[in-house]
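Written out below as structure tokens is the structure these notes cover.
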Amino acid sequence: MKSVTTKTRNNLPEGTIRPGRRQFLKTAMKAGALLALPQVIPSSALGKAGAVAPSERITLGAIGIGGRGSYVLGCFLHEEDLQCIAVCDVRGDRRKRAKDMADARYGNHDCTAYIDMRELLARDDIDALLIATGPNWHATASIMAAKAGKDVYCEKPCTKNIAQSLALADVFRRTGRVFQAGTQRRSLPNFAYAVELAHSGRLGQLVTLHAHPGGLGTSVSGWLPAEPEPPRDQVDWDAYLGPAAWRPYNRKLLDGFNFEKGGGMVGGGCLEWGSHCVDLCQWANQSDDTAPVEYEPVNGQLHARYANGVKLVMRNDGWLPLGSCPVRYEGTTGWVETGDDAEFGASSPDLLTRRGAKIPGYPADFHVRDFLDCVKSRAQTRANADAACWAHIACHAANVALFLNRKVRFDPQKCEFIGDEQANRLRSEALREPWRI
Amino acid sequence: MNVANRHFIGLVLLIAVLAAAAAVGQDQATKQRELIAVLQSNAASAEKAITCKQLAIYGTEEAVPSLMPLLADKELASWARIALEVIPGPAADEALREAMGTLQGRLLVGAINSIGVRRDAMAVDGLVQKLGDNDADVASAAAVALGHIGGDRAAKALLQALTRSPAAARSAVAEGGVLCAEWYLAKDQPAEAVRLYDAIRQADVPNQRRLEAIRGAILARKSGGIGLLIEQLESADKGRFGIGLRTARELAGRDVTEALAAELDRLSPEKRPLLLLALADRNDDAVSPAVLRAAQGGPKSLRITAINILIRLGDVACVPTLLAAATEGDAELGKAAQETLSRLRGKEVDADLAARLPDAKGKTRQVLIELAGQREIGAALPAIVSSIEDADAGVRGAAIQAVGVLGRDQQVADLTKLLQKTAGSAERSSIEKALLAVTGRSGVKSVPHLLPLTKSSDSSLHIIGLHALAVVGGTEALGAVKAAIAGNDATVQDEAVRILSTWPNNWPEDTEAGDALLRLTQSGAKMSHQVLALRGYLQHVRGNTKLSNNQKVARVMDLRPQIKRPEEERLAIAVLGEAPSSDSLELLTTLAQDPAVAEEAYSAIVKIAGAETPGLSKEQRQQALRMVAEKSGNNGTKRRAREALSKI
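If you read the sequences in order, they're chains P and L. Using the numbering used here, the first residue of the first sequence is number 8, and each one after it goes up by one. Using the numbering used here, the first residue of the second sequence is number 578, and each one after it goes up by one.
Next comes the structure, spelled out in structure tokens:
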């Protein structure tokens, strides 16, 4: 079969936006660049056509605003029908920077900065939250926010284990709040187009899905030597630890993601990019309400299998040069591969004739817009809590297989590993007092 | 080495040992004994913490006594609960219940939370007691734990607490009540669930708790909840309207769909589109008529919402409605309708649109042609081709554009003929665009149809012909371009030279272009022709795979007197940098004397002198690299030069 690969470029770090790109994205959004995407909510239906009165704006609070959080907050701040009125970070420097961002956007000093997120959650004038803390806090903070009546856009990975994933879906269903996982590739046309090829049967019957996990190593959490704790206004260590088991202050743990690598029962593994790429495979396989039933480490890869027979391969190598976070969908009559450069590889050029707009650099703007539209319409977002729940369960189950270094079988109905007590014990982890989900 | 570091290293070793043990399947009992021994020793907290995590995987009830004391340790309580929450059997439950009787404050809250996670029904009495604790955090934890455990006793206690508990614990009590209601639903006791939901939605609890109870009360009643659902949708309260929209998507049943569709007409105009969106998410066939009706008339925002929804729900039956909306004259409606028509799924939609085209007139014909192009409906091509000379400019323009998308080699002839009949520059421009697109797909089959254009006395037609031929490439196309350069029409000549100068980039296999360009560097009628030819020729030399490196360098040396401006110097440097030899190094050294291109030349020199090349002596390489290390203003280039020097 003759294959075709479109032109490629160098990768960019997560969130990079080139000068002048913002305008391009705004134009692309207006021009309907996301034609491959399923959900269309007209602006006129949501009352955002034309200028938006302050009383009609969605009010936002932003929690945990480091590097990634600043980027996503920037995407929010560009929206005309939104006003960020509160920020919260346990680190003083980040707290000030986030408040300055919001104040600069609105030309005032009205944004309130908090150390303790519970004070922010108690405000009844906040509609929605951006949660971009370290992964240790993601699920707990999201669930607390939903219980406080807020809609939530939460960065990935959204959960630390299978139990948290299920709780996230349960709580957002029970509370009727809107949730968007920060898996913004669900809102980008190249990934949506690849999924559409899988759904429409143009690849034939799906056989194998490939996801780049961004790592497959797992470990148990650790504890670094104690260092003198900074003043609370610089770092509130107790708040930073939050639901993670106690350990003494050490500045190296202030890197949220490194903390997660050592903060969970089964840290690291495939959650870095898996929460994106496995999620895209879940979508392609129309498995937003289930997960693979078998997981097995095989020669540095993780092979999983869905109940419908489709195979899911998580591998770090062997990808076409199409940018970071690649996925590949193989069917009985064709295949397609795409990545963050928004280019494609495919078994035939005919598969790519209606590929739509090319939007490289994995911007979050479209995903943020989808979230805000759903805050108004109360519809499900593209990366809603149920979809995020099952994509994360697939990743966590893979991590359990990697950690135990053996094949595990999983029952998605009962959400338990079959005949495997050790694996089942890895489904959850107690939260430090007083936190609960 | 300080104590903390020793502990840390010890911890790392422990992790390594335990991980290895997991891999090889070490006997679990032995492993557990080792882990318990760590907890009972004077080991540092760090070691005990990780030991707790290991016991969470490998521990049994035997480990519980050694974990219990840690529940009172502020540093290790959460680690101990990691194990106690998952170790099977009653011992862990008993340990946590016992802790509930002795602990206070946060540690007590933690123990209660773990009891809730384990759903220990034996703990209900103790939890009911804690429901009245003076510490609101403890009472709240107990309420939620009771909710997780469920059952009549828990439900009764929570119902009572709903009115009696202090305000600070009321939210958690309501949360526990909602959880209990879900427990009843899971046990197929909806009446009990409804009783709880109704009590909570009428209680003095935070609004979010009431909304959750409203949702639960509607869903638990099934069709009987329609009235309550409608009440929310009609509410002026934003939160209640919101939970109504959410629940409208969840409550199953065709009667629900019909009730919601009927409600559509009763709601205020600003609410209708939002309810329509909720209806559309119900995956119920009964929704489609309501959506189609909304698309046909009424407030514009509702119509546009409906039209957009039809992208997902619509089928061929929606085509007449959408076509009418697309052509009724409102720009916003028209755009939405056409967008939906372009994306409606199904081959039968293509067939329907193609069948309508032959008899359609005016705006409808234009829209149908545009849709045929957007949907790539090949069957519509004959009708579209017949419209490229339509009297209606809108129809004509749409047809020309669609031919660009769908046309084959025969349409090259159609478009060529049309070009010859068309005078206006704007229309010619759109025909040219279509022609280039069709030519690109048809390749050499297009050439016979295009050559007549190059015989035209009309300069612009001649130029369009050359552009189209340049899309095809090959000997005949190149011949036409060369003939145009040799011709008398100065405008055509200028454009032909421009086309020829880029030929090597587009058609590197057409090596004849090189000779033509070389001749033109000397004999070009204008200086601009000579400059363009020189640039094109240098690109030709660079990309010509039939030339050896020495031949490439020789070609550049021959042209050296003409290479005077930075633009051409850069092209020469690009050729030389890829053709390592003594001569190329010498030539690059000369080019480096021009400050405008010096850094490019230095970089190329490092590339050549940094590697061994036959005919290039070590001394020559060293001399060149020293020169670069000394003169380059680019730190990276300097560094690379020094590194290369150090390796020679």
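From the three backbone atoms N, C-alpha and C, an ideal C-beta is built for every residue, glycine too.
Residue i to residue j span [Cα, whole Å]
i: valine 864(L); j: isoleucine 884(L); result: 13 angstroms
i: valine 1205(L); j: leucine 1124(L); result: 29 angstroms
i: glycine 830(L); j: aspartate 393(P); result: 22 angstroms
i: proline 142(P); j: valine 285(P); result: 17 angstroms
i: cysteine 629(L); j: glutamate 428(P); result: 17 angstroms
i: glutamate 529(L); j: alanine 790(L); result: The structure shown has nothing for residue 529(L), since chain L only spans 578 to 1225.
i: arginine 443(P); j: cysteine 277(P); result: 25 angstroms
i: arginine 254(P); j: aspartate 324(P); result: 36 angstroms
i: glutamate 759(L); j: alanine 770(L); result: 7 angstroms
i: glutamine 212(P); j: tryptophan 342(P); result: 11 angstroms
i: glycine 1056(L); j: glutamate 1009(L); result: 21 angstroms
i: serine 919(L); j: alanine 1090(L); result: 44 angstroms
i: tryptophan 144(P); j: glycine 249(P); result: 7 angstroms
i: asparagine 18(P); j: arginine 180(P); result: With a pLDDT of only 33 at asparagine 18(P), under the threshold of 50, the placement of this residue in the model should not be trusted, and no figure is reported.
i: asparagine 542(L); j: arginine 335(P); result: Because chain L is modelled from 578 through 1225, residue 542(L) falls outside the range shown and cannot be assessed.
i: alanine 957(L); j: leucine 930(L); result: 8 angstroms
i: glycine 891(L); j: phenylalanine 818(L); result: 27 angstroms
i: serine 331(P); j: threonine 1122(L); result: 34 angstroms
i: threonine 1228(L); j: isoleucine 664(L); result: Residue 1228(L) lies beyond the stretch modelled for chain L, which goes from 578 to 1225, so this question has no answer here.
Neighbour-count burial assignment, residue i, 16 or more Cβ in a 10 Å radius
i: histidine 310(P); result: buried
i: glutamate 1021(L); result: Note on residue identity: the sequence assigns valine, not glutamate, to residue 1021(L). By the neighbour-count rule (16 or more Cβ atoms within 10 Å), valine 1021(L) is not buried but exposed.
i: asparagine 431(P); result: buried
i: lysine 451(P); result: Outside the displayed range of chain P (8 to 444) lies residue 451(P), so it cannot be described from this structure.
i: aspartate 1135(L); result: exposed
i: glutamate 1220(L); result: exposed
i: glycine 727(L); result: buried
i: alanine 69(P); result: buried
i: alanine 731(L); result: buried
i: threonine 679(L); result: exposed
i: glutamine 1170(L); result: exposed
i: aspartate 991(L); result: buried
Identity of the residues DSSP links to residue i by a beta bridge
i: glycine 724(L); result: Bridge partners of glycine 724(L): none, in fact.
i: cysteine 161(P); result: Ile138(P) and Ala188(P)
i: alanine 342(P); result: The amino acid at residue 342(P) is misidentified as alanine; the sequence shows tryptophan. Answer is Glu337(P), bridged to tryptophan 342(P).
i: glutamate 301(P); result: Arg312(P) and Arg416(P)
i: glycine 68(P); result: Ala93(P) and Leu136(P)
i: threonine 904(L); result: DSSP lists no partner for threonine 904(L).
i: leucine 213(P); result: Gly338(P)
i: arginine 98(P); result: Val242(P)
i: valine 320(P); result: His217(P) and His310(P)
i: alanine 120(P); result: Val94(P)
i: phenylalanine 424(P); result: Phe417(P)
Pairs of beta-carbons, one from the stretch 372 to 383 of chain P and one from the stretch 346 to 362 of chain P, closer than 8 angstroms: are there three or more? no
When you compare the stretch 111 to 121 of chain P with the stretch 135 to 148 of chain P, are there three or more beta-carbon pairs, one atom per stretch, that lie closer than 8 angstroms? Touching, no.
Members of the stretch 646 to 676 of chain L that neighbour chain P once the beta carbon cut-off is set at 9 angstroms: Lys651, Glu652, Leu653, Ala654, Ser655, Trp656, Ala657, Arg658, Ile659, Ala660, Leu661, Glu662, Val663, Ile664 and Pro665
Can you list, in chain order, the residues of the stretch 224 to 246 of chain P whose Cβ is nearer than 8 angstroms to any Cβ on chain L? Ser226, Val227, Ser228, Gly229, Trp230, Leu231, Pro232 and Ala233
Segment contact flag, the stretch 211 to 228 of chain P with the stretch 184 to 202 of chain P, C-beta cutoff 8 angstroms, min 3 pairs: no
Selection of the stretch 91 to 125 of chain P by Cβ proximity to chain L, strictly under 9 angstroms: Answer set for the stretch 91 to 125 of chain P: empty.
Pair every Cβ in the stretch 812 to 820 of chain L with every Cβ in the stretch 773 to 781 of chain L, then say whether three or more of these pairs are closer than 8 angstroms. no
Would you call the stretch 313 to 328 of chain P in contact with the stretch 285 to 296 of chain P, where contact means no fewer than 3 C-beta pairs closer than 8 angstroms? yes
Count the C-beta pairs between the stretch 293 to 312 of chain P and the stretch 178 to 194 of chain P that are closer than 8 angstroms, then say yes if the count reaches three, no if not. no
Check each residue of the stretch 371 to 404 of chain P: if its Cβ is closer than 8 angstroms to any Cβ of chain L, include it; give the result in chain order. Listed by position, the residues of the stretch 371 to 404 of chain P near chain L (Cβ gap below 8 angstroms) are Lys383, Ser384, Arg385, Ala386 and Gln387.
Say whether the stretch 1100 to 1118 of chain L touches the stretch 1146 to 1158 of chain L, bearing in mind that this needs 3 or more beta-carbon pairs closer than 8 angstroms, one atom from each stretch. Touching, yes.
Output, in sequence order along the chain, the residues in the stretch 770 to 792 of chain L whose CB is closer than 8 angstroms to any CB in chain P. Pro783, Asn784, Gln785, Leu788, Glu789 and Arg792
Does the stretch 408 to 417 of chain P come into contact with the stretch 664 to 675 of chain L, if we say contact requires no fewer than three beta-carbon pairs (one atom in each stretch) closer than 8 angstroms? no
The stretch 847 to 860 of chain L contacting the stretch 868 to 888 of chain L, beta-carbon criterion three pairs below 8 angstroms: yes
Taking only beta carbons into account, state which residues of the stretch 297 to 329 of chain P come closer than 7 angstroms to chain L, listed in chain order. none
Using a Cβ distance threshold of 8 angstroms, determine whether the stretch 89 to 106 of chain P contacts the stretch 146 to 159 of chain P, with at least three qualifying pairs required. no
Does the contact criterion of 3 or more C-beta pairs under 8 angstroms hold for the stretch 926 to 945 of chain L versus the stretch 954 to 969 of chain L? yes
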